[in-house]
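Trainee: Under UniProt numbering, the first residue of the sequence shown carries the number 1, and numbering increases by one thereafter. The beta-carbon is built from N, C-alpha and C at its ideal position, and this holds for glycine as well. Have a look at the structure that comes next, please.
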Amino acid sequence: MASLVSPTRHIARAFAPTTRLTQRRWAQVHDIRFLATHQKPDQRVFDKYKAKLEQKAKQEGHGDVDKLKSAYKEKIVELRQQAIVPGANAPLDAVASNPKTPNAPFQVPPPPQPQSQQSQAKKPSPSAEEKAGIKTLSSFIDVAKTKELPQKEIEYIWRLRHASSPSSLCAVVPTPTYQQIVETARKHPQFVLPLPKEGQGAEIHFLQWTFPSPTTCTVLFTALAEFKLKGEFAQPHTTITHHLDLAHDKGLVLLEGTVLEDKQVTVEEGKWLLMCLQKFYGKAAEQSPRRKLMEQFSQGDSSFKIDELLEEAEKF
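So, in structure tokens, the structure goes:
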């Protein structure tokens, strides 16, 4: 018996490797990363959340779970597309096969299209105010709608528009009054005005009129000492702009201005200079010594006296 068992054992050993080679040859390799996408959902998962899905369907007015799926079909597809990571949970060509996916990574944007001559022609050219760095009236209010309002309401809206700014100046000037002032301004575009300082006498400030556009007129106030030192590079501490958009239709000129905080001039002092300007340039000054002082200054007459200027300012 021993002689019979021994050969049988050798035969089994001889065939064992052959059997293993045969199994290895016919084995199939599966990428376990894609098993979930290639197989149908497990019914047990659906059964586990079936009650919650039915409750969700009833809450949103869908008859059953199938209708709920239909309602969320597009959203489900979108979320699946967003979750695609080529090489991790989808083939490397997944992005190329879905060119419409909005969040697909590494999409090269199309080159910008050159503007046609027609589109460039439609682009509005900057206004004279914009070129000069001056705000237009339309940047404060709706000009077309404001023209439909009575004068009292326009004045109220204009003052309310600037009430929240502590460094702003505003006023409403009747058109005839403005015309008288600007007529004098064209004759005397430069002048000096005194600014009383408590315990320090008075400071002299240089004013300049400019007319950057047909609908705006600007006055710049600069400390005379700074203007002498820096000339045209001196920075004004107060800027006043007259807007003429409503001058013809409503008989009003809207005035607004700003006093810079770091120029040692307060808003009240800015108001004083504005009032002083109106007193010198208004119609009431035509037959007074004020007009004579302006003519002397414009002509460079040596008879112009600062003391006389201070005397006239004290009368205000």
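What does the Cβ neighbour count give for Val-77, buried or exposed, with the cut at 16 atoms within 10 Å?
Mentor: Per the 10 Å Cβ criterion, exposed.
Trainee: Helix, strand or coil for Gln-190, going by three-state DSSP, please let me know.
Mentor: If DSSP states are grouped into helix, strand and coil, Gln-190 belongs with the strands.
Trainee: Quick one: what's Leu-195 bridged to in DSSP?
Mentor: Paired residues: Glu-203.
Trainee: Quick check on Ile-306: buried or exposed, where buried means 16 or more other Cβ atoms within 10 Å of its Cβ?
Mentor: Exposed, by the Cβ-count rule.
Trainee: Run the CB neighbour count on Thr-146, radius 10 Å, all protein chains shown included, and call it buried at 16 or more, exposed below.
Mentor: So Thr-146 counts as buried.
Trainee: CB-CB under 7 angstroms to His-62, same chain, minus the five flanking residues each way: which ones, in chain order?
Mentor: Excluding residues within five positions, the ones whose Cβ falls inside 7 angstroms are Leu-68, Ala-71.
Trainee: If you draw a straight line from the alpha carbon of Thr-175 to that of Ala-284, how long is it in whole angstroms?
Mentor: Between Thr-175 and Ala-284, the C-alpha separation is close to 16 angstroms.
Trainee: So, with DSSP's three-state summary, where would you put Pro-289?
Mentor: In this structure, Pro-289 counts as helix in the three-state DSSP scheme.
Trainee: Alpha carbon to alpha carbon, what distance is there between Lys-263 and Leu-137?
Mentor: So the two alpha carbons sit approximately 26 angstroms from each other.
Trainee: Three or more C-beta pairs closer than 8 angstroms, one from the segment 278-296 and one from the segment 225-238: is that the case here?
Mentor: No: the two stretches stay apart, fewer than three of their Cβ pairs being nearer than 8 angstroms.
Trainee: If I follow the unbroken beta strand (DSSP E) through Glu-256, where does it start and stop?
Mentor: Here the beta strand (DSSP E) through Glu-256 covers 252-259.
Trainee: How would you call Gly-257, buried or exposed, if buried means at least 16 neighbouring beta carbons within 10 angstroms?
Mentor: Looking at its Cβ environment, which holds 16 or more other Cβ atoms inside 10 Å, Gly-257 is buried.
Trainee: Are the beta-carbon atoms of Lys-210 and Thr-218 separated by less than 8 angstroms?
Mentor: The question names Lys, yet the displayed sequence has Thr at residue 210. Yes, they are a contact pair.
Trainee: Using only CA atoms, which one of Arg-159, Pro-194, Leu-79 lies nearest to Glu-314?
Mentor: For Glu-314, the nearest C-alpha among the options comes from Pro-194.
Trainee: Within the same chain, show all residues whose beta-carbon is closer than 8 angstroms to that of Gln-190, passing over the 5 residues directly before and after it, in chain order.
Mentor: Cβ within range, chain order: Phe-206, Leu-207, Gln-208, Trp-209, Phe-297, Ser-298.
Trainee: Which residue from Asp-142, Leu-53, Val-267, Gly-300 puts its Cα closest to that of Ala-163?
Mentor: Selected option, being the one with the closest Cα: Val-267.
Trainee: Residue range of the alpha helix (DSSP H) that Val-265 falls in?
Mentor: First-last for Val-265: undefined, no H or E at that position.
Trainee: Shortest alpha-carbon distance to Leu-255 belongs to which of Leu-310, Gln-287, Ile-134?
Mentor: Ranking Leu-310, Gln-287, Ile-134 by Cα distance to Leu-255 puts Ile-134 first.
Trainee: Which whole-angstrom value describes the C-beta separation of Leu-274 and Leu-169, a residue pair presumed to lie in contact below a C-beta threshold of 8 angstroms?
Mentor: That belief holds up - the Cβ atoms of Leu-274 and Leu-169 are roughly 6 angstroms apart, short of 8 angstroms.
Trainee: Excluding five sequence neighbours on each side, which residues of the same chain lie with their C-beta closer than 6 angstroms to the C-beta of His-242?
Mentor: The residues are Cys-217, Val-253, Leu-255.
Trainee: Take residue 317 and list the residues in its own chain whose beta-carbon comes closer than 7 angstroms to its own, dropping the five residues that flank it on each side.
Mentor: Any answer about residue 317 is impossible in this case: the structure gives the chain only from 1 up to 316.
Trainee: So Leu-310 is in the alpha helix (DSSP H); what residue range does that whole segment cover?
Mentor: 306-314 is the extent of the alpha helix (DSSP H) around Leu-310.
Trainee: Could you tell me the distance, in whole angstroms, from the CA atom of Tyr-156 to the CA atom of Gln-59?
Mentor: Each residue's Cα considered, the two are about 54 angstroms apart.
Trainee: Alpha carbon to alpha carbon, how far is Val-143 from Leu-310? Give it in angstroms, no decimals.
Mentor: Approximately 41 angstroms between the Cα atoms of the pair.
Trainee: Using the Cα positions of Val-192 and Leu-224, report the straight-line distance between them to the nearest angstrom.
Mentor: Cα to Cα, Val-192 sits roughly 8 angstroms from Leu-224.
Trainee: Between the alpha carbons of Ala-171 and Lys-75, how many angstroms are there, rounded?
Mentor: Rounded to whole angstroms, Ala-171 to Lys-75 spans 58 angstroms at the Cα level.
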